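Novice: Residue numbers (the numbering used here), protein chains in the order written: chain A, 60 to 539; chain B, 60 to 539.
One structure, pasted below without further comment.
Number of protein chains: 2
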Amino acid sequence: MYDLLITGGHLLTMAGDGVGFVENGAVAIEGRRIVAVGPRAAIEANDQSRRTIDATDRLVMPGLIDAHMHSAATLARGLAQEVETWMGSAYGPLIRHATDDDAHLWTSLALMEGIAAGTTTFGDYEAPMERLVRLHLQAGIRAVVCQGVTEIDWNQRERWIEQGWRPGEPAILDPMVGERSLAEELALFDRWNGADDGRVRVVLGPIAADMVSESLLLRCQAEARARGTSIHLHVAQDPRENNATLRRAGLRAIPYLDAIGLLAPETIAVHLSTATPDEVRLVAAKTGRMTCCSNSIGIIDGVVPPARLFADSGGAVALGSDQAAGNNSHNVFAEMRATAMFAKIIAGSPLPLPAWQVLRMATIDGAHVLGIDQRVGSLEEGKDADLILLDLTRPPLAPVVLRPARNLVANLVYGETGANVRLSMVAGQVIYEDGTFTHLDRDAIMAEVNEAVGRFETAACADPAIGKLPIVALTDAGLI
Amino acid sequence: MYDLLITGGHLLTMAGDGVGFVENGAVAIEGRRIVAVGPRAAIEANDQSRRTIDATDRLVMPGLIDAHMHSAATLARGLAQEVETWMGSAYGPLIRHATDDDAHLWTSLALMEGIAAGTTTFGDYEAPMERLVRLHLQAGIRAVVCQGVTEIDWNQRERWIEQGWRPGEPAILDPMVGERSLAEELALFDRWNGADDGRVRVVLGPIAADMVSESLLLRCQAEARARGTSIHLHVAQDPRENNATLRRAGLRAIPYLDAIGLLAPETIAVHLSTATPDEVRLVAAKTGRMTCCSNSIGIIDGVVPPARLFADSGGAVALGSDQAAGNNSHNVFAEMRATAMFAKIIAGSPLPLPAWQVLRMATIDGAHVLGIDQRVGSLEEGKDADLILLDLTRPPLAPVVLRPARNLVANLVYGETGANVRLSMVAGQVIYEDGTFTHLDRDAIMAEVNEAVGRFETAACADPAIGKLPIVALTDAGLI
């Protein structure tokens with residue numbers, strides 16, 4: 060006797076090499092796990108079920124994987140684009156007025172946005188993480204988290220300037236800061252990794268080569284190996300990083316990371332924004348895993364991350380929404396569309412990165428990059444029941460044409476916005492249904508969000524440095 | 060006494076040079092028209108109202124303008140991308156199995172998709188248009204329509220081949236076909252232009268220079284001038300067009316159109332996909348009006364239309380969703396996002412085409428391109444009440460930060476998908492509210508759509524030529 064049968068919908072199982080389409084299929088679930096997947100008639104003939112979800116006119120597919128995000132940046136959503144350097148002249152000055160006490164509110168917004176758009180796994184990279192991981196567990200999502208390991212204390216910036224440091228130079232590393240930071244990351248791992256039958260995984264996140272010394276990078280790697288977990292590392296994310304490693308070792312970031320052995324199978328390389336083609340191939344060969352944040356990097360830098368070349372070089376690519384200050388959304392459908400389209404317009408051809416390949420990035424390949432493909436990323440017997448149902452009776456998923464050719468995958472990738480997601484499930488638990496978050500109190504969260512925005516507005520308005528930002532001038536000019 | 064007061068929301072009026080932001084504003088409506096716009100307190104002090112819409116936590120802005128679409132192509136949604144030549148090796152062979160009897164169903168899908176995503180004006184370019192314009196009127200939308208004037212009868216293609224014509228060569232023009240086509244376009248104009256107080260406008264649509272002879276292009280222009288309407292012309296849309304005008308007159312398409320006087324203020328130039336920078340500047344100087352279809356042209360050709368250069372050259376740019384076979388959606392939010400982002404990644408900079416400029420393309424500039432900016436495109440006294448309300452309590456529009464800088468415009472352009480549209484109004488009439496189309500019977504339409512898809516599938520499966528299409532091979536391989 061199955062616990063639950065989701066039956067009568069079309070399936071994209073993402074099993075095998077393609078998209079695993081099954082017409083009029085069914086997914087049988089016992090407890091947290093999928094126990095059978097296939098054509099409806101075969102599955103229903105197998106066994107009976109305690110409960111049934113009628114998936115007629117629904118598409119059933121694995122929940123989407125947002126492999127890299129900074130969830131608490133939603134406070135500054137829409138406040139850090141269209142400037143020369145988003146971090147220095149927009150996000151950095153603004154986010155100083157955020158408080159750790161409110162971080163869970165911004166993360167709640169990010170989770171609600173992602174869940175409503177079909178994301179079930181969130182690769183959250185945020186500090187402090189302790190309270191947020193409790194929120195992840197409460198929200199019912201799957202999370203692969205880290206707090207980030209850094210040797211930089213940005214609060215010391217004024218003191219650095221007094222000592223002759225100039226903005227734009229590599230930040231000053233402090234080994235004591237690094238020690239504390241690594242200790243917190245390891246404590247996070249020890250407390251939360253594997254929580255709720257593996258619904259939470261903790262990885263180690265040395266932030267980037269310009270924020271962590273060589274010795275600490277190597278210690279992170281050793282600690283990750285000892286724990287059998289991954290390294291979640293921003294790689295070649297900006298010119299500042301190359302400048303720092305050139306100073307440190309006479310090498311650009313990627314050759315430097317390779318020289319010290321950090322380009323290894325446990326490393327998830329995020330961004331690769333400044334990587335040369337040869338550097339991309341090197342990372343693909345050595346790590347096999349990258350996360351591509353097309354909308355974020357496109358908006359804040361005007362750069363297309365090398366997802367296509369990485370995939371062509373044999374690596375697995377995951378998609379990430381990065382940060383809402385300049386993305387401005389946490390929506391994997393938007394990442395699929397952008398990733399596929401950017402590849403085409405850069406190549407001047409409609410052929411690169413076809414829809415099915417990008418859909419795999421958002422599901423099974425994303426799971427592989429995060430090291431959880433034994434558990435999620437496809438609808439297969441034995442995997443956790445992380446899945447979503449989409450309404451096929453509304454554009455852009457309607458009309459559904461099945462023969463002689465199918466239009467589902469193209470319409471998912473190039474058309475769908477997430478608005479047709481009707482149900483989301485993680486490990487057999489419904490977390491979202493028909494617009495309602497079953498594990499989060501939206502109204503209560505929004506009331507707290509509004510109060511916290513007020514506190515932020517008051518603090519930011521009182522800061523004379525903020526008044527000089529370009530975005531304030533645009534506001535005063537009535538352009539935004 | 061106002062008929063209706065929409066009050067308590069934030070406004071983006073799009074009046075003036077920027078976005079016309081009003082905090083806690085109100086819009087007063089009498090009959091079809093806006094009679095007052097401004098801060099809530101001032102408007103409410105002016106007069107009372109028979110009816111009120113509470114717009115607390117809502118953004119109120121002009122309805123979006125989709126300036127160029129082929130609405131009946133939704134039948135082939137998702138069936139014409141990722142091939143070398145979308146028209147020849149996907150869309151063309153498939154659409155032969157569409158019937159005029161069902162065209163209103165595909166157009167209904169396009170309208171429902173657009174309305175649900177905040178579009179109130181549809182620039183529909185479809186044949187036969189007679190039944191569709193009745194549908195436009197029924198649906199409550201504003202429409203600027205044409206049927207298209209062509210001298211090509213594609214049904215004669217087999218006969219051309221017998222006579223030595225080869226696929227890829229310019230199609231064979233038939234003056235008799237052109238005469239009939241122009242007569243139908245003029246009849247459409249005479250019957251429908253100005254219907255329902257101007258809610259329907261008819262323009263004349265010589266399809267493109269390779270489909271219409273010089274004499275007929277000039278007659279279309281003369282007829283348009285005599286009627287005070289626009290010419291809606293695909294310009295430099297593909298290499299085939301340049302080949303045809305090179306044969307005809309030794310000139311590429313744009314210099315050819317200029318030489319015969321077709322680049323004139325009444326012409327709306329659509330696409331400009333193959334235009335050189337000098338050609339773009341020429342069209343901007345001579346016509347001042349272009350429509351940019353970023354997603355369609357990106358997906359089917361891998362090309363970025365020159366919206367940025369056209370605007371920088373002093374022309375007005377409208378946005379269009381083109382056709383769903385390879386777009387794959389009719390969603391102006393998706394067009395705004397793509398247009399802004401493509402400009403950035405082509406330039407390698409976050410600065411080009413800022414959000415406010417793209418938002419103007421989707422509203423007031425779009426209205427100017429279609430020649431209806433005296434009536435719509437901004438919220439101003441005397442204009443028709445074409446407006447939409449969006450929910451500001453949900454991501455990606457939440458959180459709303461108003462000071463010291465505003466995040467609304469960036470989040471609309473880079474984040475919003477249309478899913479937060481709660482109400483749409485055209486000429487003072489609500490046409491969509493909380494997911495319901497007030498003038499269309501969605502369930503009845505979808506029942507007919509399903510039957511029509513079945514007829515299409517049967518006909519296409521019986522056509523041996525279809526079986527050889529690349530998209531059928533991808534389907535059989537399980538990749539889509």
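Note that CB positions come from ideal geometry on N, CA and C, so glycine has one too.
Please read all numbers here as calculations on a predicted model, not as lab measurements.
Is there at least one non-hydrogen atom of the ligand NAD closer than 8 angstroms to the beta-carbon of A:Gly425?
Specialist: Annotation note on the ligand NAD: not contained in the displayed structure, which lists no ligands.
Novice: Would B:Glu282 and B:Pro314 be called neighbours here (beta carbons separated by less than 9 angstroms)?
Specialist: No. Outside cutoff.
Novice: Tell me the rounded alpha-carbon separation between A:Ala542 and A:Thr288.
Specialist: Since the first residue of chain A shown is 60 and the last is 539, residue 542 of chain A is not available in this structure.
Novice: Closer than 6 angstroms by C-beta to B:Ala198: which residues in its own chain qualify, once you throw out the five before and the five after it? Chain order, please.
Specialist: Only Leu170, His498 and Leu499 meet the Cβ criterion.
Novice: Grab me the residues of B:Ser372's own chain with a C-beta within less than 8 angstroms of its C-beta, minus the 5 sequence neighbours each way, in chain order.
Specialist: Cβ neighbours of B:Ser372 beyond the five flanking positions: Val339, Arg340, Ala343 and Ala344.
Novice: Where does B:Val531 sit, in a helix, a strand or coil, going by DSSP?
Specialist: B:Val531 falls in the helix class under three-state DSSP.
Novice: Count the CB pairs spanning the region 154-167 of chain B and the region 481-495 of chain B that are closer than 8 angstroms, and state whether there are at least three.
Specialist: With a cut-off of 8 angstroms, the region 481-495 of chain B and the region 154-167 of chain B do not count as touching, because too few Cβ pairs lie within range.
Novice: With C-beta atoms as the reference, is A:Asn390 less than 9 angstroms away from A:Gly477?
Specialist: Result yes, Cβ atoms of A:Asn390 and A:Gly477 sit closer than 9 angstroms.
Novice: In the DSSP assignment, find the beta strand (DSSP E) that holds A:Arg117 and state where it starts and stops.
Specialist: Looking at the DSSP string, the run of the beta strand (DSSP E) that includes A:Arg117 is Arg117 to Pro121.
Novice: Shortest alpha-carbon distance to B:Val81 belongs to which of B:Ile88, B:Leu71 and B:Ala87?
Specialist: Closest option to B:Val81, Cα to Cα, is B:Leu71.
Novice: In the DSSP output, which residue or residues are listed as bridge partners for A:Leu378?
Specialist: DSSP lists A:Cys351 as partners of A:Leu378.
Novice: Tell me where the alpha helix (DSSP H) around B:Leu245 begins and ends.
Specialist: From DSSP, the alpha helix (DSSP H) with B:Leu245 extends over Pro234 to Trp251.
Novice: Using 8 angstroms for Cβ pairs, my map puts A:Arg462 next to B:Cys352. What's the rounded Cβ distance?
Specialist: About 29 angstroms; that fails the 8 angstroms criterion.
Novice: What does the alpha-carbon distance come out to for the pair B:Gly137 and B:Ala303?
Specialist: So the alpha carbons of these two residues sit roughly 29 angstroms apart.
Novice: Would you give the residue range spanned by the beta strand (DSSP E) that A:Arg93 belongs to?
Specialist: Checking the sequence, you will find Ile at residue 93 of chain A rather than Arg. Looking at the DSSP string, the run of the beta strand (DSSP E) that includes A:Ile93 is Arg92 to Pro98.
Novice: I need the boundaries of the beta strand (DSSP E) containing B:Arg201, first residue and last residue.
Specialist: Where B:Arg201 is concerned, the enclosing beta strand (DSSP E) stretches over Arg201 to Val204.
Novice: If we define contact as Cβ-Cβ less than 9 angstroms, is B:Gln140 a contact residue for chain A?
Specialist: At least one chain A Cβ lies under 9 angstroms of B:Gln140.
Novice: Is it true that the CB of B:Ile423 sits closer than 9 angstroms to the CB of B:Met128?
Specialist: No, the Cβ-Cβ distance between B:Met128 and B:Ile423 is not below 9 angstroms.
Novice: If you drop the 5 nearest sequence neighbours on each side, which residues of the same chain put their C-beta closer than 7 angstroms to that of A:Leu245?
Specialist: Only Glu282 meet the Cβ criterion.
Novice: Enumerated in chain order, which unbroken segments of the alpha helix (DSSP H) with a length of 4 residues or greater are wholly contained in the region 103-158 of chain A?
Specialist: The qualifying runs are 151-154.
Novice: Does B:Gly173 come out as helix, strand or coil in the three-state DSSP assignment?
Specialist: Three-state DSSP puts B:Gly173 in a helix.
Novice: Would you mind sorting A:Asp269 into buried or exposed? The rule is 16 or more other CB atoms within 10 Å of its CB.
Specialist: Buried.
Novice: How about B:Arg117 and B:Leu64: are their beta carbons less than 9 angstroms apart?
Specialist: No, the pair does not count as a contact, with Cβ atoms beyond the cut-off.
Novice: Ignore the nearest five residues each way along the sequence and tell me which others in A:Trp145's own chain have a CB closer than 6 angstroms to its CB.
Specialist: Taken in chain order, the residues that qualify are Ala139, Ile359 and Gly385.
Novice: Per DSSP, what are the beta-bridge partners of B:Gly84 in this structure?
Specialist: According to DSSP, B:Gly84 bridges with B:Gly68 and B:Pro98.
Novice: Taking buried to mean at least 16 other C-beta atoms within 10 Å of its own C-beta, is B:Pro529 buried or exposed?
Specialist: The residue in question, B:Pro529, is exposed, as its Cβ has fewer than 16 Cβ neighbours within 10 Å.
Novice: Under a three-way DSSP split, which group does A:Leu263 fall into?
Specialist: Three-state result, A:Leu263: strand.
Novice: Mind checking who A:His293 pairs with in its DSSP beta bridge?
Specialist: Its beta-bridge partners are A:Val329.
Novice: Between the alpha carbons of B:Ser272 and A:Asn387, how many angstroms are there, rounded?
Specialist: Distance between the alpha carbons of B:Ser272 and A:Asn387 is about 47 angstroms.
Novice: Can you check whether the CB of B:Ala366 is closer than 9 angstroms to the CB of B:Ala406?
Specialist: Taking 9 angstroms as the Cβ cut-off, B:Ala406 and B:Ala366 do not qualify as a contacting pair.
Novice: In whole angstroms, give me the CA-to-CA distance for A:Glu439 and A:Arg99.
Specialist: Distance between the alpha carbons of A:Glu439 and A:Arg99 is about 15 angstroms.
Novice: List, in chain order, every chain B residue whose beta-carbon is nearer than 7 angstroms to that of A:Met171.
Specialist: Chain B residues near A:Met171: Pro454.
Novice: Who are the near neighbours of A:Asp317 in its chain, counting only those whose CB is closer than 7 angstroms to its CB and skipping five residues on each side?
Specialist: Within the same chain, A:Asp317 has close Cβ partners Leu341 and Lys345.
Novice: Given that A:Asn470 touches chain B, what residues does it touch there, using C-beta distances under 7 angstroms?
Specialist: By Cβ distance, chain B contributes Arg136, Gly137 and Asn387.
Novice: Relative to chain A, which residues along the region 176-201 of chain B have a C-beta separation below 9 angstroms, given in chain order?
Specialist: Answer set for the region 176-201 of chain B: Ala176.
Novice: So what does DSSP say about B:Val459, is it helix, strand or coil?
Specialist: In this structure, B:Val459 counts as coil in the three-state DSSP scheme.
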